[in-house]
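Numbering (our numbering), first residue to last: 66 to 342.
Rendered as structure tokens:
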């Protein structure tokens, strides 16, 4: 059973549509969701959480309809979720009342690991401390799926790495999975098994990260040399007067043509350019 599945899901709003999205996340894996602002990432997350209803298609989360098993989901949004006057102890009281499976020992372990003071008001926390508090809450009621919306946005690299380590540890249990939305492609490249790329409401791909990097390469050629490339091999390009850089499918390019390994960021940027054509 997959941790989550979407089949031909659509959602229409005035001026925006999420169009025919199909993706899946195997248990024990991390799926990174990437896309520009307004691409539909937040809409997709709301659909998965049962906070919005699709206009078409089917959604399954942990084998049940969206919204049916919320206590098995650990959720972190990009904006702080608690009132500024609350302390960590106050927050724990609220979470204990909300979640029947709340585990105070696990919460305490995370609070100590993150070095968070229990008696300091939430409003006085840095953004990194606030995110750590919300992540500690998400991990402390025995979730099987974490749904994370920009959890590392605005954090310094050291804090980001600390948080990514926690996510990796969570999925060492083969029953646990993560969906993480982020603009920070380098973070997704570090921890994700699968990548889904939304662009203007359309899913351009959802695939294994390593398979993507094996499939594509980047060429840097003069316009004359570029003409030798089969157009069917080109997924996106950028041109100037002297050179053409392009993302190509390795299998469709003559092995004699010099090509460099494509990073995840290369794949995303060139795919977006190709989709605009």
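Glycine is no exception: its CB is placed at the ideal position from the N, C-alpha and C atoms.
Three-state secondary structure assigned by DSSP to residue i
i	result
residue 261	strand
residue 271	strand
residue 217	coil
residue 66	coil
residue 75	strand
residue 159	helix
residue 186	coil
residue 205	coil
residue 326	strand
residue 210	strand
residue 232	helix
residue 26	Nothing about residue 26 can be reported from this structure: the residues present for the chain run from 66 to 342 only.
residue 308	coil
residue 227	helix
residue 92	coil
residue 143	coil
residue 318	coil
Rounded separation between residue i and residue j - CA only
i	j	result
residue 188	residue 146	11 Å
residue 335	residue 149	42 Å
residue 284	residue 258	25 Å
residue 247	residue 117	21 Å
residue 260	residue 104	15 Å
residue 179	residue 195	11 Å
residue 346	residue 320	Missing from the structure shown is residue 346; the chain here goes from 66 to 342 and no further.
residue 84	residue 134	25 Å
residue 97	residue 157	29 Å
residue 82	residue 209	30 Å
residue 192	residue 220	7 Å
residue 227	residue 163	27 Å
residue 198	residue 341	40 Å
residue 347	residue 175	Since the first residue of the chain shown is 66 and the last is 342, residue 347 is not available in this structure.
residue 337	residue 151	43 Å
residue 132	residue 100	24 Å
residue 143	residue 225	14 Å
residue 256	residue 231	11 Å
residue 262	residue 155	38 Å
residue 211	residue 159	19 Å
Residue-chain proximity (residue i, chain B), Cβ-Cβ < 9 Å
i	result
residue 161	In the displayed structure, chain B is absent; only one protein chain is listed.
Residue i CB to nearest heavy atom of the ligand MN below 8 Å
i	result
residue 166	Of ligands this structure carries none, so the ligand MN is not represented either.
CB-CB length for residue i against residue j, believed under 8 Å
i	j	result
residue 87	residue 69	About 12 Å separates the two Cβ atoms, so there is no contact after all.
Exercise for the section: Say whether the region 286 to 298 touches the region 244 to 261, bearing in mind that this needs 3 or more beta-carbon pairs closer than 8 Å, one atom from each stretch. Expected result: no
Practice task
List in chain order: all unbroken beta strand (DSSP E) runs of 3+ residues lying wholly within the region 100 to 127.
Solution key: 121 to 126
Practice task
Indicate whether the contact test is met: 3 or more Cβ pairs, each with one atom in the region 74 to 89 and one in the region 121 to 130, closer than 8 Å.
Solution key: yes
Problem - Any 3 or more C-beta pairs closer than 8 Å across the region 137 to 144 and the region 202 to 215 - result: yes
Exercise for the section: Report yes or no: do the region 180 to 187 and the region 106 to 114 share at least 3 C-beta pairs separated by less than 8 Å? Expected result: no
Problem - the region 235 to 243 in contact with the region 165 to 176 per 3-pair CB rule at 8 Å - result: no
Handout entry: Inter-stretch contact (C-beta, 8 Å, three-pair minimum) for the region 268 to 280 and the region 295 to 310
Key = no
Handout entry: Stretch pair the region 315 to 327 + the region 274 to 288: three plus CB contacts closer than 8 Å
Key = yes
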